[in-house]
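Please read the structure below before turning to the comments.
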């Protein structure tokens, strides 16, 4: 270990002073560099890493930057190359990969991959996902009661539903029509829900699931076969499985578009 330290001069920058101290312990000057962000730490990365975010960290890699921030960004970049967190992102992170960007996000993460641009809050961006264990999807049991529209007995799909295991006790005196809604899917229609899929699995169909209400109040929707409807009749018979995916509004209008597939359509 070197016993000599170059004098730290009043004209030295913070980076230079740190490098002189690092050199005493490591015989190299490539451990840490300064950051313009308050209470932030940046590894040098060949003098290419930087951060202007408060309470933020850039560890390892090269040419990684956290920029364009106001106040306490609390962001992190670990490893990789040419990664950037920018445009006032908050509480976000990039782990590995290259040429990835988080722009204006809150509580979002990019994990690996390359050329990913994330602009959505509360989101994990990943190119491929392989798990050594099982993924447990959010599953809920739902019992359909007798259809009584005047009493508001229309079960509503919640925001985090993925799989619904349905027991159908609905009773109809006449053959149900498309306006006899048994299950309300309208909650899954919003700008941030495009691509969302909900699976319906009939575990007991002693009743008759009359239909799914899709779209907004008193408006039609389109399904994958191009038919315009107000509701969708499904699951006539025992133990059917139907998948409903919201594809977003159709071009040039607000009418929602769904892909509906399965054995009970």
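Residue numbers (the working numbering): 1 to 265. A virtual CB, placed ideally from N, CA and C, is assigned to each residue, including glycine.
| query | result |
| --- | --- |
| Using the beta-carbon count (16 or more within 10 Å), is residue 131 buried or exposed? | exposed |
| Classify residue 138: buried if its beta carbon has 16 or more other beta carbons within 10 angstroms, exposed otherwise. | exposed |
| Straight-line CA distance for residue 30 to residue 44? | Here residue 30 scores only 48 on pLDDT, less than 50, and its place in the model should not be relied on; the value that follows carries that caveat. Cα-Cα distance, rounded: 6 Å. |
| Starting from residue 248, trace the beta strand (DSSP E) in both directions and tell me its first and last residue. | 241-249 |
| Scan the region 79-115 and note each continuous beta strand (DSSP E) run of 3 residues or more that stays entirely inside, going in chain order. | 84-86, 93-95, 101-103 and 109-111 |
| Check whether the Cβ atoms of residue 102 and residue 89 lie closer than 7 Å to each other. | yes |
| Specify the secondary structure class of residue 30 as computed by DSSP and reduced to three states. | Note that residue 30 scores a pLDDT of 48, beneath 50, so its modelled location is shaky and nothing firm can be said. |
| Can you tell me the Cα-Cα spacing of residue 141 and residue 157, whole angstroms? | 11 Å |
| Does residue 7 pass the burial test, meaning 16 or more other C-beta atoms within 10 Å, or should it be called exposed? | exposed |
| Helix or strand or just coil, what does DSSP make of residue 20? | helix |
| In or out: residue 1 buried (at least 16 other Cβ within 10 Å) or exposed? | Since pLDDT at residue 1 reaches only 47, below the 50 mark, its modelled position is unreliable, and no value is offered. |
| State buried or exposed for residue 161, treating a residue as buried only when at least 16 other CB atoms are found within 10 Å of its CB. | buried |
| Apart from the five residues on each side of it in sequence, which residues of its chain come closer than 6 Å, Cβ to Cβ, to residue 285? | As displayed, the chain neither begins before 1 nor continues past 265, which places residue 285 out of reach and without an answer. |
| Is the Cβ-Cβ distance between residue 194 and residue 256 less than 7 Å? | no |
| By the 10 Å Cβ neighbour count, where 16 or more other Cβ atoms means buried, how is residue 28 classified, buried or exposed? | Because the pLDDT at residue 28 is just 49, under 50, the model does not fix this residue reliably, and the value given afterwards should be weighed accordingly. Looking at its Cβ environment, which holds fewer than 16 other Cβ atoms inside 10 Å, residue 28 is exposed. |
| Is residue 8 close to chain D? Criterion is C-beta to C-beta, closer than 7 Å. | The structure shown contains no chain D; it holds only a single protein chain. |
| Going by the DSSP bridge assignment, what does residue 62 pair with across the sheet? | 81 |
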